[in-house]
């Protein structure tokens, strides 16, 4: 066998024109992708000199389409048994695939074609309208525009949010035989729940509680079970990698692809470490389950293993592939640590831990709930103690770490508790939180928008177009994003919305299952869309978005430079273009003096790969640089600058001077 790669799609619709014959059953005009000619020539040559050609592209719709596009140039008949697929790149999986070849599945190909044509029609018909009415370089898309709309809608919710006042009341109480305090939360009056919405209401309750005895009326002991998590789907992997590792969705998929394709492991050679990474299923093969069982029995013991596990996938799940898992559970992260990069190890460990945890017993807690009466008013207190860790031995959420042990002293019904203090506190309801990459992916999945393979590229596209920006970890719409969304919602509201996009995904699933013809779907969409497009062309007037003026003065012509958005983010440009073509990067100062030249300021810079570092503003005269964030606070020991270093959940403030040993560690909130 000789293995050659297509390096993705070989043929696609042309970039320079629509490439779809809308008058002839929406026939697509495919061409060889620019730059792929040499790869195709090599594949033709190898195919000609081979007895048999097997097509082993990814096991999904895109992969099926790539294989289909190879049939004609490689002189393979459409009904030939030539397609093999595997869910993991391991010896056993590849050998089994070769033993079970099949024909190209045209239902899968047609589902991919329908999606590609649909997205091309929306993008290539609406985008030129945006160029004409707003500005060049913009784009619209069936999924990307809905993603931006979700972010804009959330921003509007935040702007229009009206906070409501509410109060909490905590009673700190001593049990007679214990020095441990019970923190009991106010529940209500006369055994009915009562909300406290003002200081006046709180004062009435405090007055009513004066001189009252706090009596335990009910003690209920029990057991709480915390079930083990399911194996990763693509979206859950992206969400967890974002929360636990700080990876963007794009970075997660890049690193996961490396683990899937294979890493050179010492003593083993090139090995695929995880199963296929684009999946919406939590199903696990029997072989993988048995593999995990051996590890759990050996490493944790019989009582930790959960027998008969089989995760159930939801109704919208295609279930074409297994959940994401290690190809061998016995390939422990620590054993292959030296063969992986730092990021590869972090993600592999996360996947390995989640998979092993999914095959383990639930965690068990002893719980106690106490009802307390004080006159007409009632309080409730609850505690829990972990008695069997189960899957938590391998995999924990932050919430579980905090709630692992909430101790309450032993109390009995009828016992009188001694009040230490009452703690009233005023609060206001808060607006919904802006989307992060993780919560946006979760929402897209819940709403049925897009598929596992589309989440990361969708977020990358809307960031690149300047429709949204990252502010710390949150996604915030720009003025451009809001204006374009407003325009698209007004004129293409039936297309750029959650329901249409989710329904279309279901229709594409029907094509993949052979229940619907792809041409019928496109025709049903396109005819009304064409009318809406003509109407929008006439109604939409030119929209001008003014550039934000900065304080930076152009040294060539003396005017205030403006902030523009480019493919690598924001930059400063002279408004006198084309007469003055001066541009420069936006430099953010830390407000900290350079410790080397003591003249310039330390500013935030980025490497070509986008990694942040800090350098002197007098570069190249001063070459001081550091990866760690400088802070304005001076070292209390020597007066040098302090550098902020992140270590897991802690922040370490360390003096830059090697001779000084000052260090302060605090919790990172």
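Numbering (my numbering), first residue to last: 787 to 1455.
Even glycine gets a Cβ: it sits at the ideal position worked out from N, Cα and C.
Q) What is the C-beta distance between residue 1308 and residue 1278, in whole angstroms, given that I count them as a contact (C-beta under 8 Å)? A) The residue you call residue 1308 lines up with position 522 of the chain shown. The residue you call residue 1278 lines up with position 492 of the chain shown. Not a contact, Cβ separation roughly 17 Å.
(Q) Can you tell me which residues form a DSSP beta bridge with residue 1225? (A) To locate residue 1225, count along the chain shown from 1; it is residue 439. DSSP links residue 1225 through a beta bridge to no other residue.
Q) Which full runs of the alpha helix (DSSP H) of 4+ residues lie inside the segment 963 to 1019, going along the chain? A) Within the segment 963 to 1019, the complete alpha helix (DSSP H) runs of at least 4 residues fall at 985 to 995.
Q: Would you decide whether residue 1251 is buried or exposed? Buried here means 16 or more other CB atoms lie within 10 Å of its CB.
A: Translated into positions along the chain shown, residue 1251 becomes position 465. So residue 1251 counts as buried.
Q: Give me the Cα-Cα distance between residue 808 and residue 1288, rounded to the nearest whole angstrom.
A: Looking up residue 808 in the chain shown gives position 22. Looking up residue 1288 in the chain shown gives position 502. Between the alpha carbons of residue 808 and residue 1288 lies a distance of about 24 Å.
Q: Could you tell me whether the Cβ atoms of residue 1162 and residue 975 are closer together than 8 Å?
A: For the purposes of this step, residue 1162 is identified with residue 376 of the chain shown, where counting begins at 1. For the purposes of this step, residue 975 is identified with residue 189 of the chain shown, where counting begins at 1. A contact, by the Cβ cut-off of 8 Å.
Q) Buried or exposed: residue 827, going by 16 or more other Cβ atoms within 10 Å of its Cβ? A) Here the question's residue 827 lines up with position 41 in the chain shown. Under this definition residue 827 is an exposed residue.
Q: Kindly confirm or deny that the segment 1131 to 1148 and the segment 1012 to 1030 touch, where touching means at least three C-beta pairs closer than 8 Å.
A: A contact exists between the segment 1131 to 1148 and the segment 1012 to 1030.
**Q.** Beta-carbon proximity list for residue 1455, same chain, < 8 Å, skipping 5 on both sides
**A.** For the purposes of this step, residue 1455 is taken as residue 669 along the chain shown, with counting starting at 1. Its pLDDT being 48, under 50, residue 1455 is placed unreliably in this model, and the value from its coordinates should be taken loosely. Excluding positions up to five away in sequence, the list is empty.
**Q.** Close beta carbons around residue 1206, own chain, < 7 Å, minus the five adjacent residues each side
**A.** For this step, residue 1206 is matched to residue 420 along the chain shown. 958, 959, 960 and 967.
**Q.** Nonlocal neighbours in the same chain, by C-beta distance under 7 Å from residue 1294, ignoring five residues either side
**A.** By one-based count along the chain shown, residue 1294 stands at place 508. Only 897, 900 and 901 meet the Cβ criterion.
(Q) With H, G and I counted as helix, E and B as strand and the rest as coil, what does DSSP make of residue 909? (A) Residue 909 sits at position 123 when you count from the first residue of the chain shown. Shown here, residue 909 sits in a helix according to DSSP, grouped into three states.
Q | Status (buried if at least 16 other CB within 10 Å, exposed otherwise) for residue 1101 | A | For this step, residue 1101 is matched to residue 315 along the chain shown. Low per-residue confidence applies at residue 1101: pLDDT is 47, beneath 50, and the placement is therefore not dependable, though the value from the model is reported in the following sentence. Looking at its Cβ environment, which holds fewer than 16 other Cβ atoms inside 10 Å, residue 1101 is exposed.
**Q.** Extent of the continuous alpha helix (DSSP H) to which residue 1340 belongs
**A.** Locating residue 1340 in the chain shown gives position 554, counting from the first residue. For residue 1340, no alpha helix (DSSP H) encloses it, and the DSSP letter there is neither H nor E.
Q. Is the beta carbon of residue 1143 less than 8 Å from the beta carbon of residue 1180?
A. Your numbering for residue 1143 matches position 357 in the chain shown. Your numbering for residue 1180 matches position 394 in the chain shown. With contacts defined by Cβ atoms closer than 8 Å, residue 1143 and residue 1180 form a contacting pair.
(Q) Quick test of the definition: if touching needs 3 or more C-beta pairs under 8 Å, does the segment 865 to 877 touch the segment 904 to 920? (A) No, they do not touch.
**Q.** Which residues DSSP lists as bridging residue 1039, in chain order
**A.** Locating residue 1039 in the chain shown gives position 253, where the first residue counts as 1. Answer is none; residue 1039 lacks a bridge partner.
Q) In chain order, what residues of the same chain lie with their CB nearer than 6 Å to the CB of residue 931, ignoring the 5 residues before and after it? A) Along the chain shown, one-based indexing puts residue 931 at 145. Cβ neighbours of residue 931 beyond the five flanking positions: 1274 and 1282.
Q.
Is it buried or exposed, residue 1147, if we count other Cβ atoms within 10 angstroms and call 16 or more buried?
A. Here residue 1147 is taken as the residue at index 361 of the chain shown, counted from 1. With 16 or more other Cβ atoms within 10 Å, it is buried.
Q: Provide the residue(s) that pair with residue 1169 in DSSP beta bridges, ordered along the chain.
A: Locating residue 1169 in the chain shown gives position 383, counting from the first residue. In the DSSP output, where bridge partners are listed per residue, residue 1169 has 1154.
**Q.** Residue range of the unbroken alpha helix (DSSP H) whose run includes residue 1081
**A.** Taking the first residue of the chain shown as 1, we reach residue 1081 at position 295. Judged by DSSP secondary structure, residue 1081 falls within the alpha helix (DSSP H) whose first and last residues are 1072 to 1085.
Q: May I ask you to check if the CB of residue 1203 is nearer than 7 Å to at least one heavy atom of the ligand ATP?
A: The ligand ATP is not part of the structure shown, which contains no ligands of any sort.
Q: Spatial neighbours of residue 1270 within its chain, please: CB distance less than 7 Å, with the 5 preceding and 5 following residues excluded, ordered by chain position.
A: Residue numbering aside, residue 1270 sits at position 484 when the chain shown is read from its first letter. These residues qualify, in order along the chain: 916, 920, 924 and 1253.
Q: Closer than 6 Å by C-beta to residue 1311: which residues in its own chain qualify, once you throw out the five before and the five after it? Chain order, please.
A: For the purposes of this step, residue 1311 is taken as the residue at position 525 of the chain shown. Correct list: empty, nothing qualifies.
**Q.** Where residue 863 falls: helix, strand or coil (DSSP)
**A.** Here residue 863 is taken as the residue at index 77 of the chain shown, counted from 1. Of the three classes helix, strand and coil, the one that applies to residue 863 here is coil, per DSSP.
**Q.** Runs of beta strand (DSSP E) lying entirely within the segment 1104 to 1140, each at least 3 residues, in chain order
**A.** The DSSP assignment places no complete run of the beta strand (DSSP E) inside the segment 1104 to 1140 (cut-off: 3 residues).
Q) Near residue 1366, what residues of its chain come up, given a Cβ to Cβ distance below 7 Å and the 5 sequence neighbours on each side ignored? A) The residue you call residue 1366 lines up with position 580 of the chain shown. Apart from sequence neighbours up to five positions away, the residues of its chain that approach residue 1366 with a beta-carbon distance below 7 Å are 1340, 1342, 1343 and 1360, ordered along the chain.
Q) To which residues of the same chain is residue 1159 closer than 7 Å at the C-beta, ignoring the five residues directly before and after it? A) Residue 1159 sits at position 373 when you count from the first residue of the chain shown. The answer, listed in chain order, is 1001 and 1003.
Q. According to the Cβ coordinates, are residue 1019 and residue 1059 closer than 8 Å?
A. Sequence index remark: in the chain shown, residue 1019 carries index 233 (1-based). Sequence index remark: in the chain shown, residue 1059 carries index 273 (1-based). Between residue 1019 and residue 1059, the CB-CB gap reaches or exceeds 8 Å.
Q.
I need the DSSP call for residue 1315, collapsed to helix, strand or coil.
A. Taking the first residue of the chain shown as 1, we reach residue 1315 at position 529. If DSSP states are grouped into helix, strand and coil, residue 1315 belongs with the helices.
**Q.** Contact under 8 Å by Cβ, residue 1222 with residue 1260
**A.** What you label residue 1222 is simply residue 436 of the chain shown in a count that begins at 1. What you label residue 1260 is simply residue 474 of the chain shown in a count that begins at 1. Contact flag set, yes.
(Q) Whole angstroms are fine: how far does the CA of residue 1064 sit from the CA of residue 1241? (A) In the chain shown, counting from the first residue as 1, residue 1241 sits at position 455. In the chain shown, counting from the first residue as 1, residue 1064 sits at position 278. Distance between the alpha carbons of residue 1241 and residue 1064: 10 Å.
Q: Report yes or no: do the segment 835 to 852 and the segment 1030 to 1039 share at least 3 C-beta pairs separated by less than 8 Å?
A: Taking a contact to require three or more Cβ pairs closer than 8 Å, the segment 835 to 852 and the segment 1030 to 1039 do not qualify as touching.
(Q) Can you look up residue 1144 in the DSSP assignment and give me helix, strand or coil? (A) Here residue 1144 is taken as the residue at index 358 of the chain shown, counted from 1. Helix at residue 1144.
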